[in-house]
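Each remark here refers to the structure printed beneath this line.
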Amino acid sequence: MGRTQAPLTSMVDREMQILLRVADRARLISLKELSLEAIGRIRELQNAAYDELLDPRDLVFLALLSVLAERCEGGGVRG
Amino acid sequence: MRVEGYVVDAIPGDGYVTLVLDGHKAANVRTTFPLYAITQKPERVMEHPDVVDHVEEVWRDLDGREVRLHRFELRNFRAYRYVSRRVRTVNQLPTPLSQTLARLRAFPFKKVRITEGKVELLQEDELAFPQVKLASVSTVDWYGPSRWGSEYVAVLDGKVVRGKVKDLKLKVDVAECSGISCDKIDAPVKLRMEERRSPVSVRGLVEWSLLSRTPIRELAQATIGKVLTTNEAWVALSRKIVVWDVVPRVEKPKTLTQLKGADKGGLVLFPKVGCHDQVVQVDFSSMYPSLIVKYNISAETVDACEDLTTEIGHSICFRERGIVPEALSWLLKRREALRSLDPERAEAIKWILVASFGYLGYRNSRFGRIEAYELVTYFARRTLRTAIDLARELGLEVLHGIVDSLIVRGSDADQFSSKLTELTGIGVKTEIMDWVVLTARRDGLPYPGRYLGRTRGGMKVKGVQRSNQPRIVQEFLGELVELMEEAENCSQLRSLRGKGRELLSKYLQRAVSGSPTDYVLWVRGVPYVRGPMGFYDARYGYGGRYLPYYLNYIRRVYEEVFGWL
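In order, the protein sequences belong to chains C and D.
Number 79 marks the last residue of the first sequence (the numbering used here); no jumps.
Number 1565 marks the last residue of the second sequence (the numbering used here); no jumps.
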């Protein structure tokens, strides 16, 4: 939204698209599924992080981490 | 000789100025015209036969440094143009004519009495609108307003009159006109619509003229920025601060991390997509100008001392009131007072207030500075974040937020607005909505720039209707919004789906067999129609339409508005 920086939302979307492309090429179905779930909550994280010094890539990782963290609850991922 | 009336225009002459008053009255008043210059050889300027006097004065620049100026008094504007091209001239804003009128106390659209060449300003209510005759006349063709049209639409005292241009006969004080209609109007001031660069009506222009103390003729082609800067320049002039023509201001160096922190816009929250019942929209009134006034943000107060330091690395000095805050605080008060009295004029002031923030960051702005601009957005983000935190503290659910406005749901909304004003020091306006629809993008992710809601005063629609949509699409959206207004809650709104579909088919049919006007869309004042070979200029005649473009357009906007169903 600023004078010189690219719009945050389009940069976040671009980072997510890169992740999906990589997951597709590497045929990592689990990563793709994780990324799609992360996309669903990325805007919520954007809302919370707008006035902080975070990169779009940081937001993408945070979204992925939050999905993983939820899955880990109760030891779901270990199996 | 004695004449009395409102100053409508001023025409500079040779040693005098002709004041044109309402009712086609006029009187000459003897005067000279001031020119401020920086020169080492004032005697050379004095050699000009039309330069009658000269005084050396001490002024200051924005940083407080002393500047020695020479004020020359000239007999006419011919001399002004000649001298200003040869010496470094400053204080050219407010315009030399406005400065002359201010010295004579013959302010534009103020009531005066002129007796034997002497002007007396007659006291009137500050908010009263001058009793002058205004008219707005536009010529029209089949596609809409056109300078070549043979018919006209005139607005006179709020009444709309239509007819053939050849039959037009009108005598007013100020006329806004287009095409050949201008030749048919008898008025001392005619403002050509084709040359207008401002978004306000002729009544709004009169308000701009009043508050910037500048003749309306000089504002006819002006941008909002000129009106804003003139107001600021009056403050500078009253403090004997030089108004430069070009301000060589360099942004202070920043690291990339600092730039990332400071170079941000207002806070925008992504909405919770869907239809929500019983919500409240909370708006900060004139948030950016209010923040500028509250935090004393102006080019000369930013980083001048460290009375208030911020996380983005800029500080603000409160020792002296800034020029921009002083100019804006007056405008804010005037707008507030006019809001219920005269909405059209309040709207004209709103435009100036809206531009005031952007102008702080504009590189050619005389009283702006990029750090000041960044401070405004910083405080705006902080203020909205404070509002969000308070809403959550009170148990309200925040559904949406854009820069200076929040949509919340919960029972404590009244308490919320009063606490928010107390906490932030900025006025807050609340509006109850029976329901609001917050929409998504085509990929399903929330889209913050578009919403529709039903308030007690009618529908509130943002980001749906645009001025560059084809007429058929605009009318379709108008009817669709009207239909939605029938619903009292979200469940009733959902039940309107069938009627919405009917409306869609009606307009799809109309697109197939519509009239040429249906297909016209306006982009930057030019009417276009989408033909089979692309867009073409409608002013050269109607040459067919490309049907799939219009059908897809109608379907797309329907999806935007009703897609959430």
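Even for Gly, the Cβ is constructed at its ideal location relative to N, Cα and C.
Here the structure is a predicted model, which is why all the values come from computation and not from measurement.
Distance between beta carbons of residue j and residue i, contact taken as under 8 Å
i	j	result
residue 1107 of chain D	residue 1239 of chain D	With a Cβ gap of about 20 Å, residue 1107 of chain D and residue 1239 of chain D do not count as contacting.
residue 1471 of chain D	residue 1517 of chain D	6 Å
residue 1189 of chain D	residue 1206 of chain D	In fact, because the Cβ distance is near 10 Å, the residues do not count as touching under 8 Å.
residue 1036 of chain D	residue 1069 of chain D	5 Å
residue 1222 of chain D	residue 1197 of chain D	7 Å
residue 1105 of chain D	residue 1121 of chain D	4 Å
residue 1521 of chain D	residue 1554 of chain D	At roughly 13 Å, the Cβ-Cβ gap does not stay under 8 Å, so residue 1521 of chain D and residue 1554 of chain D are not in contact.
residue 1006 of chain D	residue 1099 of chain D	Incorrect: roughly 20 Å between the Cβ atoms, too far for contact.
residue 1303 of chain D	residue 1371 of chain D	6 Å
residue 1224 of chain D	residue 1262 of chain D	So it is not a contact: roughly 26 Å between Cβ atoms.
Residue span of the alpha helix (DSSP H) that contains residue i, given as start and end
i	result
residue 47 of chain C	29-49
residue 84 of chain C	Only positions 1 to 79 of chain C appear in this structure, which leaves residue 84 of chain C out of reach.
residue 1418 of chain D	1413-1424
residue 1381 of chain D	1370-1393
residue 1341 of chain D	1323-1341
residue 1292 of chain D	1287-1294
residue 1041 of chain D	Looking at the DSSP string, residue 1041 of chain D is not in any alpha helix (DSSP H), and its letter there is neither H nor E.
residue 1397 of chain D	It is not in any alpha helix (DSSP H) - residue 1397 of chain D instead sits in the beta strand (DSSP E) that spans 1397-1402.
residue 1535 of chain D	Not the alpha helix (DSSP H): residue 1535 of chain D falls in the beta strand (DSSP E), residues 1534-1537.
residue 26 of chain C	Per DSSP, residue 26 of chain C belongs to no alpha helix (DSSP H) and is neither H nor E.
residue 1438 of chain D	Here residue 1438 of chain D belongs to no alpha helix (DSSP H); instead the beta strand (DSSP E) covers 1428-1440.
residue 1262 of chain D	1256-1262
residue 53 of chain C	Looking at the DSSP string, residue 53 of chain C is not in any alpha helix (DSSP H), and its letter there is neither H nor E.
residue 1556 of chain D	1547-1562
Contact list for residue i against chain C, beta-carbon separation under 7 Å
i	result
residue 1269 of chain D	47
residue 1254 of chain D	By Cβ distance, chain C contributes nothing, its closest Cβ being about 10 Å from residue 1254 of chain D, past 7 Å.
residue 1385 of chain D	51
Proximal chain C residues relative to residue i, where beta-carbon distance stays under 9 Å
i	result
residue 1381 of chain D	50 and 51
residue 1576 of chain D	Examination of residue 1576 of chain D is not possible in this model, given that chain D is present from 1001 through 1565 alone.
Amino acids of chain D, ordered along the chain, whose beta-carbon sits closer than 7 Å to that of residue i
i	result
residue 43 of chain C	1270, 1445 and 1446
Opening and closing residue of the beta strand (DSSP E) in which residue i lies
i	result
residue 979 of chain D	Nothing about residue 979 of chain D can be read from this structure; chain D reaches only from 1001 to 1565.
residue 1028 of chain D	1025-1030
residue 1221 of chain D	Counting along the chain, residue 1221 of chain D falls outside any beta strand (DSSP E), and DSSP gives it neither H nor E.
residue 1010 of chain D	1002-1012
residue 1192 of chain D	1189-1192
residue 1016 of chain D	1016-1021
residue 1284 of chain D	1274-1284
residue 1409 of chain D	1405-1409
residue 1174 of chain D	1174-1177
residue 1141 of chain D	1134-1141
residue 1160 of chain D	1159-1164
residue 1156 of chain D	1151-1156
Taking only runs of the beta strand (DSSP E) that begin and end inside the stretch 1060-1126 of chain D, which ones reach a length of at least 3 residues, in chain order? 1066-1074, 1088-1090, 1111-1115 and 1118-1121
Determine contact between the stretch 1319-1327 of chain D and the stretch 1298-1307 of chain D, defined as no fewer than three beta-carbon pairs at a distance below 8 Å. yes
Write down every uninterrupted run of the beta strand (DSSP E) in the stretch 1453-1525 of chain D whose length is 3 residues or greater and which is fully enclosed by it, in chain order. 1458-1462 and 1521-1523
Is the stretch 1005-1013 of chain D touching the stretch 35-43 of chain C, taking contact as three or more C-beta pairs under 8 Å? no
Would you call the stretch 1240-1249 of chain D and the stretch 1134-1149 of chain D touching, i.e. three or more CB-CB distances under 8 Å? no
Between the stretch 1214-1227 of chain D and the stretch 1061-1070 of chain D, can you find at least three pairs of beta-carbon atoms closer than 8 Å? no
Would you check if the stretch 1265-1278 of chain D and the stretch 1338-1346 of chain D touch, i.e. whether three or more CB-CB distances between them fall below 8 Å? no
With three or more beta-carbon pairs closer than 8 Å as the criterion, would you say the stretch 1466-1480 of chain D touches the stretch 1410-1417 of chain D? no
Should the stretch 1485-1498 of chain D be called in touch with the stretch 1274-1293 of chain D, which here means at least 3 C-beta pairs below 8 Å? yes
With a floor of 4 residues, list each alpha helix (DSSP H) that falls wholly inside the stretch 1210-1254 of chain D, ordered by position along the chain. 1216-1219 and 1224-1238
Could you say if the stretch 1108-1123 of chain D and the stretch 1082-1093 of chain D meet the contact criterion of at least three C-beta pairs nearer than 8 Å? no
Between the stretch 1431-1442 of chain D and the stretch 1278-1294 of chain D, do at least 3 Cβ pairs fall closer than 8 Å? yes
Below 8 Å, how does it come out for the stretch 1024-1035 of chain D and the stretch 1220-1237 of chain D: are there three or more Cβ pairs, yes or no? no
Check whether the stretch 1144-1154 of chain D touches the stretch 1162-1171 of chain D, counting contact only when three or more Cβ pairs, one atom from each stretch, lie closer than 8 Å. yes
Please confirm if the stretch 1288-1295 of chain D is in contact with the stretch 1391-1398 of chain D, defined as three or more CB-CB distances below 8 Å between the two stretches. no
Does the contact criterion of 3 or more C-beta pairs under 8 Å hold for the stretch 1503-1523 of chain D versus the stretch 1535-1549 of chain D? yes
Count the CB pairs spanning the stretch 1475-1491 of chain D and the stretch 1524-1536 of chain D that are closer than 8 Å, and state whether there are at least three. no
Do the stretch 1302-1321 of chain D and the stretch 1444-1460 of chain D make contact, defined as three or more Cβ pairs closer than 8 Å? no
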